[in-house]
Amino acid sequence: MRIAILADVHGNLAALEAVLADVERQRVDRVIVNGDSVNRGPQSVEVERLLAELPYETTLGNHDDLMVMVHERHPDLGEGLEDPFWSGNRMTAAALAAAGLLAGVRRRPMTIRVAEAGAPVLLVSHGSPRHYREGYGPSLTPETISEIVEEYPADVLVGSHTHRPHLQRWARYTVLNSGSVGAPFNGDPRAQYLLLTLSGGAWSPEFRRVPYDIGRTVAAYAASGLADGGGLSAHIFREELIHARSYIVPFLMRCEEGRFERDLTGWAEYRRLAAARFVLPTMEPTVSASPEP
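Just add 69 to wherever you are in the sequence shown, counting from 1, and you've got my numbering.
Structural data, given as structure tokens:
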């Protein structure tokens, strides 16, 4: 039994196509798309249309849900609904709605349980089964793992959301993070996903990294209108894609602290002071696979 876990495509069609080609070569039995197929990137409609043609299971991610909330003008979003900084969210939600691609989003489950005879039980969720924004990463404590498996019994927890692959073992439990297809944050710009193989009564992880034509996606920001009309957030999302690093969260945190204005001038100053994190990475030309993240 082989299961591919794909997540956080974020409107990156070129990355998704490269991963799907690699998945096809791996002869998998099952594919789970673990949330956040849309937003951030420039081709959310194309990504959703492609995935809709395939017999894959899909969980609900926070950005999937966000697009519905933006389209419905949910009051919880407050001033963010009109904030020019987040114009790209409104553009993407409107495009998805016009294409009829938001209607079924809320019917996606929060979790997918995989229970094969004689195998450890997998529980797949975008974040954790408790919340789609609770990601698995280095700060995950044994206490938190214990709390999660007590409420949601499973042997192997599989999440995504953080855009960083992760492997952690505690007691008899294994916690995995698939990494991101469309916007990795671990310094490697290749499209990344998780392949699980059931052998000898255990699930063996394989973290796969697949090269793709990142220039296609960068060009699509301009072609889609996001580069000009998506606000500063779209500009930062493009930089994250190119550099395979997280920028928007630390930038906004520092804006909240009063260190920068949340505008192009503030962004330029942040980028100047964090120049070491803006070194352009090399897109390795080959696929890599490893049992470790």
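Don't be surprised by glycine CBs; every beta carbon is placed ideally from N, CA and C. These figures come from a predicted structure and were not determined experimentally.
- In this structure, V250 places its C-beta atom within 9 Å of the C-beta atom of H79.
- By alpha-carbon distance to G269, the top candidate from L263, R346, G335, P189 is P189.
- Taking each of G248, M70, D91 in turn and checking the Cα distance to Y281, the smallest one comes out for D91.
- Here V348 is exposed, its C-beta having fewer than 16 other C-beta atoms within 10 Å.
- Burial of T286 is indicated by the presence of at least 16 other C-beta atoms within 10 angstroms of its C-beta.
- The straight-line gap separating the alpha-carbon atoms of Y242 and L146 is approximately 36 Å.
- In this structure the stretch 161 to 178 does not touch the stretch 204 to 212; the number of beta carbon pairs closer than 8 Å is below three.
- Counted as a single uninterrupted DSSP element, the beta strand (DSSP E) harbouring N246 occupies residues 242 to 247.
- Judged by pairs of C-beta atoms under 8 Å, the stretch 140 to 155 does not touch the stretch 108 to 123, as fewer than three such pairs exist.
- Fully contained in the stretch 124 to 162 are the following alpha helix (DSSP H) runs of length 4 or more, in chain order: 131 to 140.
- G335 carries a helical assignment under DSSP once its states are collapsed to helix, strand and coil.
- Assignment of beta-bridge partners to Q112 by DSSP yields no partner.
- The alpha carbon of A345 has as its nearest neighbour, out of N131, Y316, A167, the alpha carbon of Y316.
- A76 is positioned such that its CB atom lies closer than 9 Å to that of S247.
- Per DSSP, H304 is one residue of the alpha helix (DSSP H) stretching across 300 to 312.
- Distances from the CA of P362 to each of G284, H232, E309, L310 were compared; the closest alpha carbon is that of H232.
- By the Cβ-count criterion, G327 is exposed, with fewer than 16 other Cβ atoms from all chains shown falling within 10 Å of its own Cβ.
- Nearest to D257 by alpha-carbon distance, out of P350, R323, A166, is P350.
- Using a Cβ distance threshold of 9 Å, M136 and T161 count as a contacting pair.
- Counting other Cβ atoms within 10 Å of its Cβ, H195 reaches 16 or more and is therefore classed as buried.
- The Cβ-Cβ distance between H140 and L171 falls below 9 Å.
- In terms of CA proximity to D134, G104 leads the group G110, R277, E126, G104.
- Counting only the Cα atoms, L89 lies some 22 Å from L192.
- E93 and T334 have their C-alpha atoms roughly 45 Å apart.
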